[in-house]
Amino acid sequence: MSSDEVKQETKVRSNPSVQSLIDLARRSVPDLRRNAETIEPVPARRGGPLVARVRRTLDWTRLPGLRRREEARPQPRLLVRLVRSYALFVLVPTAAVGFYVFVLATPQYVAESQFAVRGDIEPMANTSLGVYQELIQKHNSQDSFILRDYIRSRPLVEAVDAKLGLQTMFSQDGIDFWARYNSDQPVERLVRYWRDHVTPQIDVVSGVIRLTVRAFSPQDAVAISKEVIAQSETLINTISRRAQQDMLTQAQKEVDKAVERLKRARTTLQEFRNRWGIIDPSQSAQATATTIELLRKDKIKAENDLRVLRDSKLDEKTRSIQVLVATVAAIDGQMKDLQNRLTTDGLVSDASHNLTQALLEYEGLMVEQTIAEKLNASMNMILDRARVAASKQQIYLATYVEPLLPSYSAYPAPFYAVGVALFLFTMFWSALSLIRAAVVDNRL
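Oh and the sequence shown: position 213 is 218 in this note's numbering, straight run, nothing missing.
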């Protein structure tokens, strides 16, 4: 053996894996065949199918992201799923809506009218009337809102139903099942059904009310509109008459109060005159002042005569001098009495005959009587004007656009209804798809 062969053998023996392969190659084919015939199968363990099922269930290869490609279940393509869901949730319901509005829906006709509440009487311009000017005034904007609420109220529905038979009109056999009213329902349902078919709208700037009525025949729509206008006019007339009656009642009450006040003033003045015995204390005082002035002149004349006699050196006991002295004293007494009656100095001595006290009381009574007379005249004038205003219709219903017979059906508007249905179902389908995608992502 050469040195090269020895080196090669040494390398082979030094590698165990290579040596094992060499030993396997040295075996003969018959030996391998004989060994294969002597192999016995391992007996199956109990519970094998259950263990296999558990292993498949808990197989780590089924975890998200680790599933084997060949074991993944086949999924339909995304476009196919979208088309199926869109057809189920959008196209089919839209087709149902289209079938209803194009084939089954009963035509509905719309009658429109416009009217407003107006006033015909301007406010009275006399400033002495005060707050009573508000009783006679023009149109109040609140009347339009009152009328709108009345059109939507139950009393109007009952009145129109009693006049036209709304339940029979809206529950005919020719009306489709969706729009037809069930006559067996209570009146509250009829009011709700009425509000869906009768719509009053107010223009806030002008106060005009636009009334829209939907019915299943042109004649019914016009009849309902005219009856609503008639009932509204009745309400406005009732409000106007009530306002006129309130105005007359209030004015009459004020007139009665003014008359009673004037009576009390005149009665008090009469009692004063009877107590004092004076018709007019001011005239009596003027007469007293005139008398005092005349007495003063007589006193001056008597004093002058007395001075002349005394200058002539006559005896004081002479008859002429004594007469003049007595005359001057009498005039002084009269003047003092008259002055006490005119001034407050006589209140203590003889208050019952003091003209100053009488004049003060008389002036107060005259002021009260003057006020009562003017107030009575003013209230009578207000009453007269209120009667004139009450004889006219202050508030009335002005109809600008009469309801006309519609020539075509405005509802159910099939193309518009189908478009709205398609849009809504598409939005619903989109939201549902997004929710489903979010749920799937969370599971993964």
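Glycine included, every Cβ here is placed at the ideal spot set by N, Cα and C.
Closer than 7 Å: residue i CB and nearest the ligand FMN heavy atom
i          : result
residue 88 : Looking for the ligand FMN in the displayed structure turns up nothing, as the structure carries no ligands at all.
Beta-carbon separation (whole angstroms), residue i vs residue j, contact threshold 8 Å
i           : j           : result
residue 94  : residue 433 : 7 Å
residue 160 : residue 411 : The pair is not a contact, with the Cβ atoms about 27 Å apart (cut-off 8 Å).
residue 116 : residue 213 : That pair is no contact at about 17 Å.
residue 422 : residue 97  : Incorrect: roughly 16 Å between the Cβ atoms, too far for contact.
residue 255 : residue 395 : 12 Å between Cβ atoms; not a contact.
residue 203 : residue 156 : 7 Å
residue 419 : residue 230 : Not confirmed; about 25 Å, so no contact.
residue 343 : residue 297 : 5 Å
residue 360 : residue 293 : 6 Å
residue 387 : residue 148 : Not confirmed; about 24 Å, so no contact.
residue 310 : residue 329 : 5 Å
residue 391 : residue 252 : 5 Å
residue 246 : residue 205 : That belief does not hold up - the Cβ atoms of residue 246 and residue 205 are roughly 23 Å apart, past 8 Å.
Spatial neighbours of residue i in its chain, beta-carbon cut-off 7 Å, leaving aside the 5 residues before and after
i           : result
residue 336 : 300, 303, 304, 307
residue 437 : 94
residue 111 : 179, 180, 181, 184, 221
residue 164 : 236
residue 417 : 106, 110, 113
residue 278 : 284
residue 289 : 283, 360
residue 268 : none
residue 217 : 115, 117, 204
residue 274 : 370, 374
residue 257 : 388
In DSSP terms, what residue i is bridged to
i           : result
residue 404 : 120
residue 216 : 118, 205
residue 113 : 416
Residues near residue i by beta carbon distance below 8 Å, same chain, minus five either side
i           : result
residue 2   : Any answer about residue 2 is impossible in this case: the structure gives the chain only from 6 up to 449.
residue 187 : 176, 194
residue 313 : none
residue 162 : 171, 192, 195, 196, 199
residue 325 : 314, 319
residue 74  : Low confidence applies to residue 74: its pLDDT is 47, below 50, so where it sits in the model is not reliable enough to give any reading.
residue 211 : 121
residue 323 : 314
residue 338 : none
residue 447 : none
residue 333 : 304, 307, 308, 311
6 Å CB neighbourhood of residue i in its chain, flanking five on each side removed
i           : result
residue 76  : Reliability of the predicted coordinates at residue 76 is poor, the pLDDT of 46 falling under 50, and the value obtained from them is presented with this limitation in mind. So no residue of the chain qualifies.
residue 270 : 373, 374, 377
residue 367 : 286
residue 415 : 115
residue 426 : 99, 102
residue 281 : 363
residue 431 : 95
* Asked: If you pair each beta-carbon of the region 166-180 with each one of the region 192-210, do three or more pairs fall below 8 Å?
  -> yes
* **Touch test, the region 234-253 against the region 113-122, Cβ-Cβ under 8 Å, three pairs minimum** => yes
* On the three-pair Cβ rule with 8 Å, is the region 224-235 touching the region 399-410? -> yes
* Please go through the region 272-305 and give each complete alpha helix (DSSP H) segment of 4 or more residues, from N-terminal end onward. => none
* For the region 365-385 and the region 262-270, state whether three or more C-beta atom pairs, one from each stretch, are separated by less than 8 Å. => yes
* **Secondary structure, beta strand (DSSP E): runs of 3+ residues fully inside the region 364-422** => 400-406
* Which full runs of the alpha helix (DSSP H) of 4+ residues lie inside the region 215-248, going along the chain? -> none
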